[in-house]
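**Student:** Have a look at this one before I ask anything.
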Amino acid sequence: MRVTQLLIPTTKETPNDATLASHIFLIRAGFIQGVGSGLYNYLPLGKRVLDKVQNIVKDELNKANCQEVSLGFVTPASYWKESGRFDKYGKELLRFKDRKNNDFVLGPTHEEMMVNLVKQSVKSYKALPLNLYQVNLKFRDEIRPRFGLMRGREFLMKDGYSFHASKEDMQREFAYMEETYKKIFTRLGLDFRVVEADSGAIGGSGSKEFMVIADSGEDTIVVCEKCEYGANIEAAIRAEKSCEVEPPEAVYAKFHTPDTTTIDALSKFFHVDPFYLIKTVAKKALFDEGESKIVLFALRGSEELQEVKACNSIDANELVDISVEELAEVGLVAGYMSPTIVPEGIEIVFDTMLKDATHLICGANEADYHLVGIDLKGYEANYQDIVAVQEGDTCVHCANKLRYTKGIEVGHIFQLGTQYSVPLGANFLNEQGKTQAFEMGTYGIGVSRLLAAIIEQHHDEKGCIWTKETAPFTLSIIISNIKDQAQVALAEETYQTLKDNGVEVLLDDRKERFGFKMKDFELIGTPFALVIGKNLADGLVELVQRDGLSKESISVGDIIPTVMSQVW
RNA sequence: CGGAGUGUAGCGCAGUCUGGUAGCGCACCUGGUUUGGGACCAGGGGGUCGAAGGUUCGAGUCCUUUCACUCCGACCA
548 MRVTQLLIPT
558 TKETPNDATL
568 ASHIFLIRAG
578 FIQGVGSGLY
588 NYLPLGKRVL
598 DKVQNIVKDE
608 LNKANCQEVS
618 LGFVTPASYW
628 KESGRFDKYG
638 KELLRFKDRK
648 NNDFVLGPTH
658 EEMMVNLVKQ
668 SVKSYKALPL
678 NLYQVNLKFR
688 DEIRPRFGLM
698 RGREFLMKDG
708 YSFHASKEDM
718 QREFAYMEET
728 YKKIFTRLGL
738 DFRVVEADSG
748 AIGGSGSKEF
758 MVIADSGEDT
768 IVVCEKCEYG
778 ANIEAAIRAE
788 KSCEVEPPEA
798 VYAKFHTPDT
808 TTIDALSKFF
818 HVDPFYLIKT
828 VAKKALFDEG
838 ESKIVLFALR
848 GSEELQEVKA
858 CNSIDANELV
868 DISVEELAEV
878 GLVAGYMSPT
888 IVPEGIEIVF
898 DTMLKDATHL
908 ICGANEADYH
918 LVGIDLKGYE
928 ANYQDIVAVQ
938 EGDTCVHCAN
948 KLRYTKGIEV
958 GHIFQLGTQY
968 SVPLGANFLN
978 EQGKTQAFEM
988 GTYGIGVSRL
998 LAAIIEQHHD
1008 EKGCIWTKET
1018 APFTLSIIIS
1028 NIKDQAQVAL
1038 AEETYQTLKD
1048 NGVEVLLDDR
1058 KERFGFKMKD
1068 FELIGTPFAL
1078 VIGKNLADGL
1088 VELVQRDGLS
1098 KESISVGDII
1108 PTVMSQVW
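If you want it as structure tokens, here you go:
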């Protein structure tokens, strides 16, 4: 392709709202164009990369016996009401009515549609297992879209769904998809990690996320220094934790503790390690149909509440902060709340670390008073894991240290079980001739987000550095001086020959100066550039590698063989 | 939805306080010079100043309403 014929609107200036390298470079290099909050147009370069990424995804899935379909983007809301997600999914689900006043949603994911598709056509175990996928637009009305393609509202996603006659077979497929996904991300040239995850709004159990390691990632993941263990902070677990500091010896008593509303202050006041303090956190939990209630979470003072775990522990849709006034209304004293003295009707969840714990100090649910000598041995309560794993905690698998890192979620696979097939009545006849609900798995890859993830991992201060499999073009030919007939002639000839050999070549034939074209090459980031410039007088041209910008002089006669050997 | 802010040429901004010919840089077009690191000279095109209403002889500027977008917190591929 000739640059003079391609739409590549590169710019020197950075859009003011772009902070991430991927966002800045994808826009500056003319891959994408913003059209509204979280909405982007793909220009020719962006579309080429998108197709490449998509093709790798499809190629590996097809090899793994998955079948591609394409489902409707606009979905009748009735499907979502049937599955119960119409309320559960929340504001991200864009709902609207057609001219006949029927409810529709713009698909943010397609479990309902796919289950219905299979339900209508698969009646026997003989047709199983079945793994169907699509690469299609999704729309999620994100509260705050940002970071360019990283978190758009409209985005391209590959979503796959598998159907099985037994749980064992579903788990076999789940493991197989994990391997397939690893192949995909490896081919894309990404440094990633598979981690255990929370299932979120999709539901189900045993889900894993594929995280591209990048400082700009929005997710915190917990990884082990030694072994393979990795988990999203929302689902991470650790070995039991103890405290070396001696427990405070005290008999049960009430203490006057003015202005001691934080764990820190309390720890100083009693000269006690926060491990022996109980932190009581109040949240408002939101449920279906606008219901809400105040819930308390009790944990050791040395720990932090993990909101997703906490939310799951009470099966709520969401947890939100609550004001001191709201607490007071129901008889809770902010800063002095107690896990053992709780007003009527308030639910409380204890962290498992507190089970049978002794020598504790907690609030008295009375202003300026704390209780000491609390003993929870044998105390009956709802104990669940609701704390966040911290850096330095111990790995459950190998007893080494855990640490945090940041990741971009580019894939997520779930073991759904019969979560959707039962409410949607998706059944088949098993070998015994009995009706049975499909066992399902679901598998997602954020295709458009991958473009951003690739750039986050592969760029320098000058621009993009595409990997061979994802680059919009493999090689740029730069004509240094467009008025030099010899340079133009050689460039044209080389361009044609390489094209004939199946190399994707970009010929920069613009009437611009050398520096201008080099900057554009560096910004766009094709893996190689062939500079045809003034050294041509000595029969030499330069082959530049985008990654590292190393240069190699080659003689005119060697251009084709050299390029061909580098490119493949 | 909570808090903060911005809407003026394709992009980045000034002008708004104190009402009086709508500007600058980049980009774009024409001609010329230049050609190994985003060149220079000369000429040129491009705007319902986010929208609606109001005040005024006169509104980008003042008032009211509204919409959109961005940034900081909770969602997710």
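Quick note on numbering: the first sequence equals residues 548 to 1115 in our numbering. The beta carbon of each residue, even a glycine, is placed where N, CA and C say it ideally should be. Please read all numbers here as calculations on a predicted model, not as lab measurements.
1) Which of the three DSSP states is assigned to residue 557 in this structure?
2) Give every residue of the same chain whose Cβ lies closer than 8 Å to the Cβ of residue 947, excluding the five residues on either side of it in the sequence, and list them in chain order.
3) Alpha carbon to alpha carbon, what distance is there between residue 797 and residue 960?
4) Taking the CB atoms as reference points, tell me whether residue 679 and residue 723 lie closer together than 8 Å.
5) Apply the 10 Å Cβ neighbour rule to residue 588 and answer buried if 16 or more other Cβ atoms are within range, or exposed otherwise.
6) Counting only runs of 4+ residues fully inside the region 884-939, write out the alpha helix (DSSP H) ranges in chain order.
7) Leaving out five residues before and five after residue 957 in sequence, what residues of the same chain have Cβ atoms less than 8 Å from its Cβ?
8) Are the beta-carbon atoms of residue 1070 and residue 1020 separated by less than 8 Å?
9) Could you tell me which residues DSSP puts in a beta bridge with residue 878?
10) Just reading off the alpha helix (DSSP H) that residue 966 is part of, what are its end residues?
11) Is the Cβ-Cβ distance between residue 909 and residue 827 less than 8 Å?
12) Quick check on residue 886: buried or exposed, where buried means 16 or more other Cβ atoms within 10 Å of its Cβ?
13) Got a sec: does the ligand ZN put a non-hydrogen atom nearer than 7 Å to the Cβ of residue 794?
14) Residue 603 and residue 761: beta carbons closer than 8 Å?
15) Quick one, are the C-beta atoms of residue 847 and residue 898 less than 8 Å apart?
16) To the nearest angstrom, report how far apart residue 836 and residue 627 are at their CA atoms.
17) Is it the case that the Cβ atoms of residue 686 and residue 637 are separated by a distance below 8 Å?
18) Comparing C-alpha positions only, which one of 938, 555, 689, 1023 sits nearest to residue 767?
19) Measure the alpha-carbon distance for residue 620 versus residue 684 and round it to whole angstroms.
20) Tell me which residue opens and which closes the alpha helix (DSSP H) that residue 857 is part of.
21) Determine the extent of the alpha helix (DSSP H) in which residue 595 is found, giving its start and end residues.
22) Can you tell me which of the three DSSP states residue 632 falls into?
23) To the nearest angstrom, how far is the alpha carbon of residue 553 from that of residue 1057?
24) Using a Cβ-Cβ cut-off of 6 Å (strictly less than) and excluding sequence neighbours within five positions of residue 782, which residues of its own chain qualify?
25) Quick check: what's the CA-CA separation for residue 973 versus residue 676?
26) Locate the beta strand (DSSP E) running through residue 1079, then write down its first and last residues.
27) Considering just the uninterrupted stretch of the alpha helix (DSSP H) at residue 548, what are its terminal residues?
28) Taking only three categories from DSSP, how would you classify residue 663?
29) Kindly indicate which three-state DSSP category residue 822 falls into: helix, strand or coil?
30) Does DSSP put residue 733 in a helix, in a strand, or in coil?
31) Give every residue of the same chain whose Cβ lies closer than 7 Å to the Cβ of residue 565, excluding the five residues on either side of it in the sequence, and list them in chain order.
32) Suppose contacts are defined by Cβ-Cβ distances below 8 Å. Is residue 1095 in contact with residue 1010 by that definition?
33) Can you give me the start and stop residues for the beta strand (DSSP E) that residue 711 sits inside?
34) Can you list, in chain order, the stretches of the alpha helix (DSSP H) that have 4 or more residues and sit fully within the region 791-815?
35) Among all the DSSP beta bridges, which residues are the ones paired with residue 682?
36) From residue 944 to residue 776, what distance separates their C-alpha atoms?
**Tutor:** In this structure, then:
1) coil
2) Apart from sequence neighbours up to five positions away, the residues of its chain that approach residue 947 with a beta-carbon distance below 8 Å are 771, 772, 773, 774, 941, ordered along the chain.
3) In a straight line, the C-alpha of residue 960 is about 50 Å away from that of residue 797.
4) Not in contact: residue 679 and residue 723 (Cβ atoms no closer than 8 Å).
5) exposed
6) none
7) 732, 737, 739, 757, 758, 759, 992, 993, 996, 997, 1000
8) no
9) For residue 878, DSSP records no beta bridge to any residue.
10) Segment: none, residue 966 is in no alpha helix (DSSP H) and carries neither H nor E.
11) Against a cut-off of 8 Å, the Cβ pair of residue 827 and residue 909 comes out as a contact.
12) buried
13) In the structure shown, the ligand ZN is absent, as is every other ligand, since no ligand is present at all.
14) no
15) The answer is yes: Cβ separation under 8 Å.
16) Their backbone Cα atoms lie some 15 Å apart in a straight line.
17) no
18) 938
19) 7 Å
20) 854-860
21) 591-610
22) helix
23) 11 Å
24) 743, 744, 745
25) Linking residue 973 to residue 676 through their CA atoms gives a straight-line distance of about 14 Å.
26) 1075-1079 is the extent of the beta strand (DSSP E) around residue 1079.
27) First-last for residue 548: undefined, no H or E at that position.
28) helix
29) helix
30) helix
31) 571, 574, 695
32) no
33) 701-711
34) none
35) 705
36) 7 Å
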